[in-house]
Amino acid sequence: MPHIDDLVLFTQVVEYGSFSQVAQVNHTTKSMVSKRVSKLESELGIQLLYRTTRKLTLTEAGEMLYYRSKDINATAKAAFDAVMGYNENLSGHIRMSVPTISGELLLAEAVSEFCQQNPGLTVEMAMDNNFVDLVADNYDLVIRTGYLEDSSLIARFIFNSHWAVCASPEYLAKNGVPQLPNDLRKHNCLGYTHESGGTFDWQFKNNSDVYTVKVNGNFSSNNAAALRKSALAGNGLAYLPMCLIYDDIQEHTLVEVLGHHTAKVVGVYAVYPYTKKPAKRIQMLIEHLRQRYFDMKERF
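Heads up, the sequence shown is in this note's numbering, so the first residue is -13 and it goes up one at a time.
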């Protein structure tokens, strides 16, 4: 198996166009760099470079390898920087935007804790369920759910939010417990208007297949906390993030139903502008949030 250090050297040779310059950067000899690249070619069983006295030229295989691995050095450096800074004192200001649910449930506590651990740091956190333009609105960091389409931004995965169908014991005692997703058509379902597929389009699974059941109800909202309160009041069934209703289920004020059928899982990401090296305070805050979610993963 080729060594990753040899791959890094190869990408440097392509970028500098010279074994000598790469040797100088890495405080080694030209012959050693050449030997390492030749070793990489031998282990891969294919020529990567055409060598002449005047220049180095990529072969077709070398070009493919380079474009697949050219960012490996920067990626590795960013990863090392992220953990090496844990013991440093952080300072400065972070302006961030987060979804309302995430802010109310955990992020506010986690971010304020981060500020307490780093007295020279300040954070301004706006809570907004609507899409914000990270660059135009001058945010350093945004927490987003779902798929990221903008290639000019970097997204770091934080956790997966699992959703559950729930109702109060009183509602279920009066109206019956649905045994299958299609049974929901006989029930009053509370709609979430921020649902990307449709307010009353609820996702379920059959083995590995995901399908949608069209439900109906007399109340909908763009605020999941409002739907939770309506469910607690016995007004219907709601499809909500587990993190929002975890305590209610533990206290038996809400009951999860159709647990083996629910399929909605939403990825939550920390998003920031594309730079080769984001500010240390941004990296550290993201790692702090990831750790806090990991510590409480049973809630999600």
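Note that the Cβ used here is the ideal one computed from N, Cα and C, for glycine as well.
### Backbone CA spacing between phenylalanine -4 and valine 241 [nearest angstrom]
58 Å
### Query
Secondary structure at glutamate 110, three-state DSSP: helix, strand or coil?
Note: glutamate 110 maps to strand in three-state DSSP.
### Query
Counting Cβ pairs, one atom from each stretch, are 3 or more of them under 8 Å apart for the region 196 to 209 and the region 141 to 161?
no
### CA-to-CA distance, threonine 248 to glutamate 1, given in whole angstroms
50 Å
### Query
How close, in whole Å, do the beta carbons of threonine 86 and asparagine 209 come, if the pair is a contact with beta carbons under 8 Å?
7 Å
### Query
What does a CB cutoff of less than 6 Å around alanine 122 pick up in its chain, not counting 5 residues either side in sequence?
Result list for alanine 122: empty, nothing under 6 Å.
#### Entry: Integer-rounded CB distance, given that alanine 256 should sit under 8 Å from arginine 142
5 Å
### Query
What is the DSSP secondary structure of valine 23, reduced to helix, strand or coil?
Helix, per DSSP.
### Query
Skipping 5 residues on each side, what residues in its chain have a beta carbon closer than 6 Å to that of asparagine 124?
none
### Task
For alanine 9, collect the residues of the same chain with a Cβ closer than 6 Å to its Cβ; drop the 5 residues on either side in sequence, then sort them by chain order.
Exclusion of the five residues before and after alanine 9 leaves Thr15, Lys16, Val19 as the residues of its chain whose Cβ lies within less than 6 Å of its Cβ.
### Message
Distance check for isoleucine 129 and threonine 239, CA to CA, integer angstroms please.
### Response
30 Å
### Task
Please name the residue, chosen from Leu120, Leu244, Leu(-7), that lies closest to glycine 48 on a Cα-to-Cα basis.
That would be Leu(-7), whose Cα lies nearest to the Cα of glycine 48.
### Message
Only counting the same chain, and skipping five residues up and downstream in sequence, which positions put a Cβ closer than 6 Å to that of asparagine 12?
### Response
none
#### Entry: DSSP beta-bridge partners of lysine 191
Lysine 191 is bridged by DSSP to Val196.
### Buried or exposed by the 16-neighbour rule on C-beta atoms within 10 Å, applied to asparagine 192
exposed
### Message
With DSSP as the reference, identify every bridge partner of arginine 37, one or two as the case may be.
### Response
Leu42
### Task
Starting from alanine 256, follow its DSSP beta bridges and name the residues at the other end.
Ile129, Arg142
### DSSP state of proline 155 mapped onto helix, strand, coil
helix
### Query
Which class does glycine 48 belong to by DSSP, given the choice of helix, strand or coil?
Three-state result, glycine 48: helix.
### Message
Considering only the alpha carbon of each residue, which of Lys41, Arg40, Leu51, Val196 lies closest to glycine 31?
### Response
Leu51
### Task
Specify the secondary structure class of phenylalanine 186 as computed by DSSP and reduced to three states.
Coil at phenylalanine 186, not helix or strand.
### Task
Specify, as a first and last residue, the run of the beta strand (DSSP E) that methionine 82 falls within.
77 to 84
### Query
Once you ignore the five residues that flank serine 4 on each side, which residues in its own chain have a CB closer than 8 Å to its CB?
Leu42
### Task
Take the Cβ of glycine 222 as the centre, count every other Cβ of all protein chains shown within 10 Å, and call the residue buried at 16 or more, exposed below.
buried
### Cβ neighbours of aspartate 114 in the same chain (closer than 6 Å, five flanking residues each side left out)
The residues are Ser83.
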